[in-house]
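Undergrad: Going line by line, the protein sequences match chains A and B.
Sequential numbering from 1 applies to the first sequence in my numbering.
Sequential numbering from 1001 applies to the second sequence in my numbering.
Where is the CB? At the ideal position from N, CA and C, for every residue including glycine.
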Amino acid sequence: MSDTPIRPDPVYTADAAFFWEAADRSELSCERCTDCARLRHPPRPMCPWCRSTAREAVRLSGRGRVLSWIVPRHPAPIGFAESPVVVLVALEEGIRLVSNLEGVDPERIAIGLPVEVAFAPTRGGHAVPVFRPAGSAR
Amino acid sequence: MSRGAGAAIAGIGQTEFSKNSGRSELQLAAESACAALQDAGIDPADVDGMITFTLDSSDEIGLARCLGVRDLAYATRIPGGGAASVATVAQAMAVVEAGLAEIVLIWRAMNERSAYRFGQPIVPPGGGLVNVAGAGTGSLLWCMPFGAQTPASWEALASQHYMATFGVTNRDLAHVSVAQRRHAASNPAAWFYKRPITLEDHQQSRWIVEPVLRLLDCCQESDGGVALVVTSLERARDLRQPPVRILAAAQSIPAEVEVISNYYHADLTAMPEAMGTARRIYERSGLTPADMQVAMLYDAFTPQVLRQLEGFGFCGRGEAKDFVRDGNIELGGRLPVNTNGGLIGEAYIHGMNNITEAVRQVRGTAVNQVPKVEHVLVSCAMAGAILGRA
Chain A
1 MSDTPIRPDP
11 VYTADAAFFW
21 EAADRSELSC
31 ERCTDCARLR
41 HPPRPMCPWC
51 RSTAREAVRL
61 SGRGRVLSWI
71 VPRHPAPIGF
81 AESPVVVLVA
91 LEEGIRLVSN
101 LEGVDPERIA
111 IGLPVEVAFA
121 PTRGGHAVPV
131 FRPAGSAR
Chain B
1001 MSRGAGAAIA
1011 GIGQTEFSKN
1021 SGRSELQLAA
1031 ESACAALQDA
1041 GIDPADVDGM
1051 ITFTLDSSDE
1061 IGLARCLGVR
1071 DLAYATRIPG
1081 GGAASVATVA
1091 QAMAVVEAGL
1101 AEIVLIWRAM
1111 NERSAYRFGQ
1121 PIVPPGGGLV
1131 NVAGAGTGSL
1141 LWCMPFGAQT
1151 PASWEALASQ
1161 HYMATFGVTN
1171 RDLAHVSVAQ
1181 RRHAASNPAA
1191 WFYKRPITLE
1201 DHQQSRWIVE
1211 PVLRLLDCCQ
1221 ESDGGVALVV
1231 TSLERARDLR
1241 QPPVRILAAA
1251 QSIPAEVEVI
1261 SNYYHADLTA
1271 MPEAMGTARR
1281 IYERSGLTPA
1291 DMQVAMLYDA
1301 FTPQVLRQLE
1311 GFGFCGRGEA
1321 KDFVRDGNIE
1331 LGGRLPVNTN
1341 GGLIGEAYIH
1351 GMNNITEAVR
1361 QVRGTAVNQV
1371 PKVEHVLVSC
1381 AMAGAILGRA
């Protein structure tokens, strides 16, 4: 396999730039309401519980469990040498994230599988959070 | 019953369903609109309301200028793409009952196979339909860098949790495709006319998204146009066709629910948007699931049919796989579903051809007519309607 990353870059939007900038530093982050302290994802400019626009990025543990998983086969996903495992992860802080699960045979994936974050490079020099089975060697 | 004097579907129309229409989407819109108005016996010039939904490329005023509409009183476009298809019926009913317009044209026309393809990967930059306000799918931006780049993959990620929780296998989904392809096989308007499939055909079709969707779990990509005409029940009684009354119609977009990137609501084994729509249309009509003789359920992908069967209360949670395996959704079964072949067997006109089939079933003119139809439920989960005889 080539060493040059081919994964698509994330789409930067004004309300979510902090998430991708954190990923570039190998940090998994999430938006927290400064007023009511609830976490939310995907990011949005207003807290849906208290309607505050005051918000801050907080670093997450990167630990979670698989909630749902698939392997897109056809058409072949653009930017991947082989079909990736796409997962919906329930993070232990209570938010959910769409990502990839790497380093595991799909036969062994089950709902509830403990996972931990890692970071994968993209073709434009950025990074995105991906996951590996918890405790697996890097 | 509804507060106004009542609204009815007075006309339906469509073009042929193909893979290459050879003409513009606006022309398909105009042709299907004329067919629906002719079916109703209404002069196109008399249309005074127009409704479609997001992702349709035909401009309202552009279409009105094709049809020679004399004085348009109301026009709107509903968010949600196909998830808004049945919401057009709710909107038309409301507009007619409020007196904002009297002859409301609903349409959707697409060259979705020959000009562009929903089934192909969408990646940044650009993002295609994903960045369009009104699509309801902003969170797809969070899927693309991870290789979930098609509607099939987005849907599969939402349904895999449901399937794993209730032990639904891909083989269970085959019963939906087989039934609908059987229905399409006797429908001359269907792309898959005279082309039924077996359960083994389904199981041998290639994986689109493991372990959820094979090729034969996916709807078609189609070219074509479909239109409806809604007017007051009173006016509909004087028109060419027997009126098909809109007994109830509603939308439901509960908190944390999105269109297709639907990963954030509390219980992923449930379909809260279908449950919300069901609650509203059953309450407003005074009817129950047992009162329906036919159901037309948005079938872009087979798992959605199972999940709507549960969401609308035709069977219990987790029981849809048994319901379809036991033949209930076939002609002659307890609740024939998608009797035209649906979006899988007839054509994918973004849900609209399932509404016209509901109208034919109430009129008694469907090619796969179910006996003694009193009420038909038509759903795109985020919206639904119950149609019945006037």
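(1) Starting from the C-beta of B/Gly-1318, find all residues in its chain whose C-beta is less than 6 Å away, skip the five residues before and the five after it, and write them out in chain order.
(2) In chain A, which residues lie less than 7 Å from B/Gln-1203 when you measure between Cβ atoms?
(3) Just to confirm the assignment: which complete beta strand (DSSP E) runs, minimum length 3, are found wholly within the segment 1297-1321 of chain B?
(4) Rounded to the nearest angstrom, what separates B/Ala-1007 and B/Gly-1049 at their Cα positions?
(5) What does the alpha-carbon distance come out to for the pair A/Pro-10 and A/Leu-97?
(6) Hey, how far is the Cα of B/Thr-1137 from the Cα of B/Glu-1357?
(7) State whether the segment 1337-1357 of chain B contacts the segment 1187-1205 of chain B, with contact taken as three or more CB pairs (one from each stretch) at a distance under 8 Å.
(8) Give a yes or no on whether 7 Å exceeds the smallest Cβ distance from A/Ile-70 to chain B.
(9) Per DSSP, which one or two residues make a beta bridge with B/Asp-1223?
(10) Kindly list, in the order they appear in chain A, the residues whose Cβ is closer than 8 Å to that of B/Val-1373.
(11) Between which residues of its own chain and B/Ala-1366 is the CB-CB distance below 8 Å, once the five residues before and five after are set aside?
(12) Any contact of the segment 1244-1264 of chain B with the segment 1301-1314 of chain B, i.e. 3+ C-beta pairs under 8 Å?
(13) Residue range of the alpha helix (DSSP H) that B/Thr-1356 falls in?
(14) Nearest by alpha-carbon distance to B/Ser-1114: which of B/Pro-1145, B/Ser-1153 and B/Ser-1222 is it?
(15) Check whether the Cβ atoms of A/Val-86 and A/Ile-111 sit closer than 7 Å, and answer yes or no.
(16) Using a 10 Å radius around the Cβ and a threshold of 16 neighbouring Cβ atoms, would you call A/Ile-6 buried or exposed?
(17) Which of the residues in the segment 9-20 of chain A, read from start to end, lie with their CB under 8 Å from any CB of chain B?
(18) Considering Cα atoms alone, identify which of B/Ala-1005, B/Thr-1198, B/Leu-1228 and B/Ser-1021 is closest to B/Val-1096.
(19) Between A/Ser-99 and chain B, is there a C-beta pair that is closer than 7 Å?
(20) How should B/Arg-1003 be labelled, buried or exposed, when 16 other C-beta atoms within 10 angstroms of its C-beta is the threshold for buried?
(21) Using the C-alpha atoms, what's the distance from B/Pro-1242 back to B/Ser-1153?
(22) Counting contacts by CB-CB distance shorter than 7 Å, is B/His-1161 in contact with chain A?
(23) Can you check whether the C-beta of B/Ile-1208 is within less than 7 Å of a C-beta belonging to chain A?
(24) Do you know offhand how far B/Arg-1077's Cα is from B/Gln-1293's?
(25) Which value, in whole angstroms, describes the spacing of the CA atoms of B/Gly-1013 and A/Ala-14?
(26) Going by DSSP in three states, A/Ser-29 sits in which element: helix, strand or coil?
(27) Please give me, in chain order, every unbroken run of the alpha helix (DSSP H) with length at least 4 that falls completely inside the segment 1064-1126 of chain B.
(28) Give me the residue from B/Val-1226, B/Ala-1158, B/Met-1382 and B/Glu-1374 with the minimum Cα distance to B/Gly-1081.
(29) If you follow the alpha helix (DSSP H) that B/Gly-1276 is in, where does it begin and where does it stop?
(30) Can the beta-carbon of A/Ala-118 be found less than 7 Å from the beta-carbon of A/Val-130?
(31) What three-state label does DSSP hand B/Ser-1002 in the structure shown?
(32) Could you compute how far the alpha carbon of B/Arg-1237 sits from the alpha carbon of A/Gly-79?
(33) So what's B/Val-1178 in DSSP terms, helix, strand or just coil?
(34) Among B/Val-1176, B/Ala-1098 and B/Ile-1103, which one has its Cα closest to the Cα of B/Ala-1320?
(35) For A/Phe-119, decide whether its Cβ has a neighbour in chain B, counting only Cβ atoms nearer than 7 Å.
(36) Is the segment 1099-1110 of chain B touching the segment 1035-1049 of chain B, taking contact as three or more C-beta pairs under 8 Å?
TA: Taking the geometry as given:
(1) Around B/Gly-1318: Phe-1166.
(2) For B/Gln-1203, none of the residues of chain A pass the 7 Å Cβ criterion, the least Cβ distance being about 15 Å.
(3) The segment 1297-1321 of chain B is shown to contain no whole beta strand (DSSP E) run of 3 or more residues.
(4) Put simply, the backbone Cα of B/Ala-1007 is about 14 Å away from that of B/Gly-1049.
(5) A straight line joining the alpha-carbon of A/Pro-10 with that of A/Leu-97 spans about 14 Å.
(6) One C-alpha to the other measures close to 28 Å.
(7) The segment 1337-1357 of chain B vs the segment 1187-1205 of chain B: in contact.
(8) The beta carbon of A/Ile-70 sits closer than 7 Å to some beta carbon of chain B.
(9) In the DSSP output, where bridge partners are listed per residue, B/Asp-1223 has B/Ser-1018 and B/Asn-1111.
(10) For B/Val-1373, none of the residues of chain A pass the 8 Å Cβ criterion, the least Cβ distance being about 38 Å.
(11) Within its own chain, the residues whose Cβ lies closer than 8 Å to the Cβ of B/Ala-1366, once the five positions on either side in sequence are excluded, are Thr-1339, Asn-1340, Glu-1357 and Arg-1360, listed in chain order.
(12) Contact fails: fewer than three Cβ-Cβ distances are below 8 Å.
(13) Where B/Thr-1356 is concerned, the enclosing alpha helix (DSSP H) stretches over 1352-1363.
(14) The option with the nearest alpha carbon to B/Ser-1114 is B/Ser-1222.
(15) The answer is no: Cβ separation not under 7 Å.
(16) Exposed is the call here.
(17) Per Cβ criterion, the list reads Asp-9, Pro-10, Val-11, Thr-13 and Ala-16.
(18) Comparing alpha-carbon positions, the option among B/Ala-1005, B/Thr-1198, B/Leu-1228 and B/Ser-1021 lying closest to B/Val-1096 turns out to be B/Ala-1005.
(19) Judged by the 7 Å Cβ criterion, A/Ser-99 is in contact with chain B.
(20) Any answer about B/Arg-1003 is weak, because its pLDDT of 43 lies below 50 and its placement is not dependable; what the coordinates show is given next. Residue environment analysis places B/Arg-1003 among the exposed positions, since fewer than 16 neighbouring C-beta atoms fall within 10 angstroms of its C-beta.
(21) CA-to-CA, the gap between B/Ser-1153 and B/Pro-1242 works out to about 42 Å.
(22) The Cβ of B/His-1161 sits closer than 7 Å to at least one Cβ of chain A.
(23) It does; some Cβ of chain A falls within 7 Å.
(24) When rounded, the distance between both Cα atoms is 31 Å.
(25) C-alpha separation (whole angstroms): 44 Å.
(26) In this structure, A/Ser-29 counts as strand in the three-state DSSP scheme.
(27) Taking only runs of at least 4 residues, the alpha helix (DSSP H) segments lying wholly in the segment 1064-1126 of chain B are 1087-1098.
(28) For B/Gly-1081, the nearest C-alpha among the options comes from B/Met-1382.
(29) Note, B/Gly-1276: alpha helix (DSSP H), 1272-1285.
(30) For the 7 Å CB-CB criterion, A/Ala-118 and A/Val-130 form a contact.
(31) Here the model assigns B/Ser-1002 a pLDDT of 43, short of 50, so the residue's position is not dependable, and the following value carries that caveat. Under the three-state reduction of DSSP, B/Ser-1002 is assigned to coil, being neither helix nor strand.
(32) Cα to Cα, the separation comes out at about 58 Å.
(33) Helix, per DSSP.
(34) The candidate whose alpha carbon is nearest that of B/Ala-1320 is B/Val-1176.
(35) A/Phe-119 does not count as touching chain B.
(36) Touching, per the Cβ criterion.
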